[in-house]
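Q: Top to bottom, those sequences are chains F and S. Each residue of the first sequence is one higher than the last, beginning at 0 in numbering that gives the first Met the number 0. Each residue of the second sequence is one higher than the last, beginning at 0 in numbering that gives the first Met the number 0. Beta carbons: idealized from backbone N, C-alpha and C, even for Gly.
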Amino acid sequence: MIRREDHGDIRIITMERGKGNALSPEFLAELQQVLDEERKALPRGLVLTGSGEFFCSGLDVEALGGLNHSQIRGVLHQLYGVCRDLFAFPRPVIAAVNGHAIAGGALLALACDQRLMAQGEGKFGLNESQLGLSVPPSLVEMCRYTLSRPLLEKLMYGGQVYPAFKAYDMGVLDELVEGEQLVEDSAAAVHHWTSSVSAFAEIKSRLKAPTLDAMASAHLEDESWVTCWFRPDAQRRLKELRESMAKGSTES
Amino acid sequence: MANGVLQREDDARVQCWRLVRGRGNALDPETLQALIDAFEEARDDPRPVILCARGRSFCTGLDLQAAATADRAAMAHLMERFHRALAACFLHPRPVVAALGGHALAGGALLALACDRRVMADGDRRFGIHGVHLGVSYPQVAVEILRYQLPRPVVEELLYAGRIFPAAMAHQWGLVDQLVAVEIGDEGEAVAEKVEEAARREAVALQAMGPESFAELKRSLRAQAARRLWPYDGKGAEAWLDQWFRPCTQERLRQALDALARGRGEKPAGGIL
Numbered sequence: 000m001i002r003r004e005d006h007g008d009i010r011i012i013t014m015e016r017g018k019g020n021a022l023s024p025e026f027l028a029e030l031q032q033v034l035d036e037e038r039k040a041l042p043r044g045l046v047l048t049g050s051g052e053f054f055c056s057g058l059d060v061e062a063l064g065g066l067n068h069s070q071i072r073g074v075l076h077q078l079y080g081v082c083r084d085l086f087a088f089p090r091p092v093i094a095a096v097n098g099h100a101i102a103g104g105a106l107l108a109l110a111c112d113q114r115l116m117a118q119g120e121g122k123f124g125l126n127e128s129q130l131g132l133s134v135p136p137s138l139v140e141m142c143r144y145t146l147s148r149p150l151l152e153k154l155m156y157g158g159q160v161y162p163a164f165k166a167y168d169m170g171v172l173d174e175l176v177e178g179e180q181l182v183e184d185s186a187a188a189v190h191h192w193t194s195s196v197s198a199f200a201e202i203k204s205r206l207k208a209p210t211l212d213a214m215a216s217a218h219l220e221d222e223s224w225v226t227c228w229f230r231p232d233a234q235r236r237l238k239e240l241r242e243s244m245a246k247g248s249t250e251s
Numbered sequence: 000m001a002n003g004v005l006q007r008e009d010d011a012r013v014q015c016w017r018l019v020r021g022r023g024n025a026l027d028p029e030t031l032q033a034l035i036d037a038f039e040e041a042r043d044d045p046r047p048v049i050l051c052a053r054g055r056s057f058c059t060g061l062d063l064q065a066a067a068t069a070d071r072a073a074m075a076h077l078m079e080r081f082h083r084a085l086a087a088c089f090l091h092p093r094p095v096v097a098a099l100g101g102h103a104l105a106g107g108a109l110l111a112l113a114c115d116r117r118v119m120a121d122g123d124r125r126f127g128i129h130g131v132h133l134g135v136s137y138p139q140v141a142v143e144i145l146r147y148q149l150p151r152p153v154v155e156e157l158l159y160a161g162r163i164f165p166a167a168m169a170h171q172w173g174l175v176d177q178l179v180a181v182e183i184g185d186e187g188e189a190v191a192e193k194v195e196e197a198a199r200r201e202a203v204a205l206q207a208m209g210p211e212s213f214a215e216l217k218r219s220l221r222a223q224a225a226r227r228l229w230p231y232d233g234k235g236a237e238a239w240l241d242q243w244f245r246p247c248t249q250e251r252l253r254q255a256l257d258a259l260a261r262g263r264g265e266k267p268a269g270g271i272l
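Written out as structure tokens, the structure is:
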């Protein structure tokens, strides 16, 4: 579900699961394994991208449908692990946002050091609140590093998904580029920041240390998100979403 | 404190401290100690402080020549002085305004950012933090000060990319609060006086609410950063020292010193930290 290739001394990680690159437990496990391996290999930088119309559409609502409380808790722990390891990776990590990045997919992009997005139809947003859900406390802490307070509140409370140009205007994205240039420009962003990889790694760990501490303690309270997931209102909206997705796929 | 590196020129309203070491006012242990002592002595003085210099440079950062020959113990001592001087400036209870008539680079830019405000002369003066090009990172005190002063994207671009900005661009990026226009014919002393006068006005205005209120507000605003700065974490500094003494860093350092020596035809001083 994940392809890896070298671009000079930079690793390009392409999510190509299909299904909007939705995050199922298996897909999250594969992402985690890729990050573990890359942390050992330590390339000059990582570029995380998707395929087709999607960067990543967030948690796989279909696959998560039948899971019980402790299994959902497990999925959240996986998502936390992947986001944390992207966030703390000791080299620059650039999200090359090729298409839609929604909810958990936007969180993956927000875990990266920079977000470059392709001009076009792709949308970016945290729409958890539309589903009666929230963003897990640990990942709110992570977003507090990346986004200013007004932006964070706008994205999270508003729950809207924005066209790429709008997300760029708001300051959620660092650059808006031509689709064909996306990987090339992301690689250039890695180079721009790695005059010395070891100096980069040390500065990044100093800058992010307080956030990583806050994430770890907030993760102990992520249980509140699991409770939220099982509330009747959220379950009803998730069910409606699954039904409309099923209907959409038979129609198309 | 009237020693060879810091000169006072106080008036009834403002204390004016001038870096007069020369050689780009590079920060050696003596200069850092003079700053530490000055802030200590001024604790109970209600007047704001202007930090300034005459000549091409406000401050070009850590003294590379002193650093190049320092062993690990001497370097650890230098970094501890650096931490204490910057923290003393950052946490001083009165307004501290940097009057930048010349370049503020690396550790010199950090010293300016430890102040409450930065006033800089427009034109051919530069502001930036470029240590990564020598393969060195920045100690905790630098990270805490930048985190407090600037938005995340600016901090990252400044530190990771090692950018140096012309004065006008430093102002656009929010690194400098006020840009003082320089007219044709204004040179040296005239520029410095203009910048210092603007800095005086800023400093007095900042404390218009009264020294006690200002001190209390400043302490509250900076409390979170202060908790991460004290007590001084010698252990955290070890990672920085490891990096400094790696052969490839030392090699880049030697090359930089050679280049400086060739470029100026005089003894190099500061430049990176």
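#1: Any residues in the region 145-171 of chain S with a beta carbon nearer than 9 Å to a beta carbon of chain F? Which ones, in chain order?
#2: Quick one: does residue 198 (chain F) have its CB under 9 Å from some CB of chain S?
#3: What's the C-alpha gap between residue 126 (chain S) and residue 225 (chain F)?
#4: Do the CB positions of residue 131 (chain F) and residue 105 (chain F) come within less than 9 Å of each other?
#5: CB-CB under 8 Å to residue 205 (chain S), same chain, minus the five flanking residues each way: which ones, in chain order?
#6: Give a yes or no on whether 9 Å exceeds the smallest Cβ distance from residue 93 (chain F) to chain S.
#7: When the cut-off is 9 Å and only beta carbons count, does residue 274 (chain S) lie next to chain F?
#8: Counting only Cβ pairs nearer than 7 Å, list the residues of chain S close to residue 205 (chain F).
#9: Using 10 angstroms around the beta-carbon of residue 11 (chain F), count the other beta-carbons present and answer buried if the total reaches 16, otherwise exposed.
#10: Helix, strand or coil, according to DSSP, for residue 113 (chain F) in the structure here?
#11: Which residues does DSSP list as the beta-bridge partners of residue 5 (chain F)?
#12: Pick out whichever of S:55, S:111, S:110 and S:27 has its Cα sitting closest to the Cα of residue 76 (chain S).
#13: Am I right that residue 224 (chain S) and residue 143 (chain S) are in contact with their C-beta atoms under 8 Å? What's the rounded C-beta distance?
#14: Can you find a C-beta in chain S that's less than 9 Å from the C-beta of residue 145 (chain F)?
#15: If you reduce the DSSP assignment to three classes, tell me which class residue 101 (chain F) lands in.
#16: If you check the beta carbons only, do residue 1 (chain F) and residue 33 (chain F) fall under 9 Å apart?
#17: Strictly below 8 Å CB to CB, what residues from chain S border residue 202 (chain F)?
#18: Compare the C-beta of residue 209 (chain F) against all C-beta atoms of chain C and say whether one is closer than 9 Å.
#19: In chain order, what residues of the same chain have a beta carbon less than 7 Å from the beta carbon of residue 241 (chain F), not counting five sequence neighbours either side?
#20: Just to confirm, does residue 84 (chain F) get its C-beta within under 8 Å of one of the non-hydrogen atoms of the ligand ATP?
#21: DSSP state of residue 50 (chain F), grouped into three classes?
#22: In chain order, what are the residue ranges of uninterrupted beta strand (DSSP E) at least 3 long that sit wholly in the region 151-175 of chain F?
#23: What does DSSP give as the partner residue(s) for residue 30 (chain F) in the beta ladder?
#24: CB-CB under 7 Å to residue 112 (chain S), same chain, minus the five flanking residues each way: which ones, in chain order?
#25: When the cut-off is 9 Å and only beta carbons count, does residue 192 (chain F) lie next to chain S?
#26: Would a C-beta distance cut-off of 9 Å place residue 254 (chain F) and residue 145 (chain F) closer than the cut-off?
#27: Counting along the chain, where does the alpha helix (DSSP H) carrying residue 73 (chain F) start and finish?
#28: Decide if residue 68 (chain F) is buried, meaning its Cβ has at least 16 other Cβ atoms within 10 Å, or exposed.
#29: At 4 residues or longer, and completely inside the region 169-208 of chain S: list those alpha helix (DSSP H) runs for me, N to C.
#30: Measuring alpha carbon to alpha carbon, tell me which residue in F:127, F:222 and F:119 is nearest residue 158 (chain F).
#31: Counting only C-beta atoms, is residue 227 (chain S) closer than 9 Å to chain F at any point?
#32: For a test of the three-state rule: what should DSSP assign to residue 89 (chain S), helix, strand or coil?
#33: For the candidate residues F:29, F:232 and F:166, whose alpha-carbon lies nearest to that of residue 74 (chain F)?
#34: In this structure, does DSSP put residue 139 (chain S) in helix, strand or coil?
#35: DSSP three-state call for residue 192 (chain F): helix, strand or coil?
#36: For residue 197 (chain S) and residue 120 (chain S), I'd like the C-alpha separation in whole angstroms.
A: With the given structure in hand:
#1: 145, 146, 150, 151, 152, 154, 155, 156, 158, 159, 160 and 161
#2: Translated into the one-based positions of the first sequence, residue 198 (chain F) becomes position 199. It does: the Cβ of residue 198 (chain F) has a partner Cβ on chain S nearer than 9 Å.
#3: The residue given as residue 126 (chain S) occupies position 127 in the second sequence. The residue given as residue 225 (chain F) occupies position 226 in the first sequence. The alpha-carbon atoms of residue 126 (chain S) and residue 225 (chain F) are separated by roughly 49 Å.
#4: Within the first sequence, the letter at position 132 stands for residue 131 (chain F). Within the first sequence, the letter at position 106 stands for residue 105 (chain F). No, the pair does not count as a contact, with Cβ atoms beyond the cut-off.
#5: Residue mapping note: residue 205 (chain S) aligns to position 206 of the second sequence, counting from 1. Closer than 8 Å at Cβ, skipping near neighbours: 47, 94, 96, 115, 116 and 213.
#6: Numbered from 1 along the first sequence, position 94 holds the residue referred to as residue 93 (chain F). No Cβ of chain S is located within less than 9 Å of the beta carbon of residue 93 (chain F).
#7: There is simply no residue 274 (chain S) to check, as chain S begins at 0 and stops at 272 in what is shown.
#8: One-based indexing of the first sequence puts residue 205 (chain F) at position 206. Per Cβ cutoff of 7 Å: 139 and 142.
#9: Stepping through the first sequence from its first residue, residue 11 (chain F) is reached at position 12. So residue 11 (chain F) ends up on the buried side.
#10: Taking the first residue of the first sequence as position 1, residue 113 (chain F) is located at position 114. If DSSP states are grouped into helix, strand and coil, residue 113 (chain F) belongs with the strands.
#11: Mapped onto the first sequence, residue 5 (chain F) falls at position 6. Beta-bridge pairing links residue 5 (chain F) to F:10.
#12: Position 77 of the second sequence, counted from the first residue, corresponds to residue 76 (chain S). If we check each option's Cα against that of residue 76 (chain S), S:27 comes out closest.
#13: Translated into positions along the second sequence, residue 224 (chain S) becomes position 225. Translated into positions along the second sequence, residue 143 (chain S) becomes position 144. About 5 Å; that satisfies the 8 Å criterion.
#14: On the first sequence, residue 145 (chain F) is found 146 positions in, with the first residue counted as 1. The beta carbon of residue 145 (chain F) sits closer than 9 Å to some beta carbon of chain S.
#15: Counting from 1 along the first sequence, the entry for residue 101 (chain F) is found at position 102. In the structure shown, residue 101 (chain F) sits in a strand (DSSP, three-state: E or B).
#16: Indexing the first sequence from 1 puts residue 1 (chain F) at position 2. Indexing the first sequence from 1 puts residue 33 (chain F) at position 34. Yes, the Cβ-Cβ distance between residue 1 (chain F) and residue 33 (chain F) is below 9 Å.
#17: Counted from its first residue, the first sequence places residue 202 (chain F) at position 203. The answer, in chain order, is 131, 136, 137, 142, 158 and 159.
#18: As a matter of chain content, chain C is missing from the structure shown, whose protein chains are F and S.
#19: Taking the first residue of the first sequence as 1, we reach residue 241 (chain F) at position 242. So the qualifying residues of the chain are 60, 61 and 64.
#20: As for the ligand ATP, it is missing from this structure, which has no ligand bound.
#21: For this step, residue 50 (chain F) is matched to residue 51 along the first sequence. Residue state, collapsed to three classes: strand.
#22: With a minimum length of 3 residues, the unbroken runs of beta strand (DSSP E) contained wholly in the region 151-175 of chain F fall at 160-162.
#23: Taking the first residue of the first sequence as position 1, residue 30 (chain F) is located at position 31. The partner list for residue 30 (chain F) (beta bridge, DSSP) is empty, contrary to what the question assumes.
#24: For the purposes of this step, residue 112 (chain S) is taken as residue 113 along the second sequence, with counting starting at 1. Result list for residue 112 (chain S): 144, 145 and 148, in chain order.
#25: Here residue 192 (chain F) refers to the residue found at position 193 when the first sequence is read from its first residue. Chain S contact via Cβ: present.
#26: Since the first residue shown for chain F is 0 and the last is 251, residue 254 (chain F) is missing from the structure and cannot be characterised.
#27: Sequence index remark: in the first sequence, residue 73 (chain F) carries index 74 (1-based). Counting along the chain, the alpha helix (DSSP H) containing residue 73 (chain F) begins and ends at 68-87.
#28: In the first sequence, the residue the question calls residue 68 (chain F) occupies position 69. So residue 68 (chain F) ends up on the exposed side.
#29: 187-205
#30: Stepping through the first sequence from its first residue, residue 158 (chain F) is reached at position 159. The residue with the shortest Cα to Cα distance from residue 158 (chain F) is F:127.
#31: Walking along the second sequence from the start, residue 227 (chain S) turns up at place 228. Answer yes: the Cβ-Cβ gap between residue 227 (chain S) and chain F drops below 9 Å somewhere.
#32: For this step, residue 89 (chain S) is matched to residue 90 along the second sequence. In the structure shown, residue 89 (chain S) sits in a helix (DSSP, three-state: H, G or I).
#33: The residue labelled residue 74 (chain F) in the question sits at position 75 within the first sequence. With distances taken between Cα atoms, residue 74 (chain F) lies closest to F:29.
#34: Taking the second sequence and counting its residues from 1, one reaches residue 139 (chain S) at position 140. If DSSP states are grouped into helix, strand and coil, residue 139 (chain S) belongs with the helices.
#35: The residue labelled residue 192 (chain F) in the question sits at position 193 within the first sequence. DSSP places residue 192 (chain F) in coil when its eight states are reduced to three.
#36: Translated into positions along the second sequence, residue 197 (chain S) becomes position 198. Translated into positions along the second sequence, residue 120 (chain S) becomes position 121. For residue 197 (chain S) and residue 120 (chain S), the distance between alpha carbons rounds to 10 Å.
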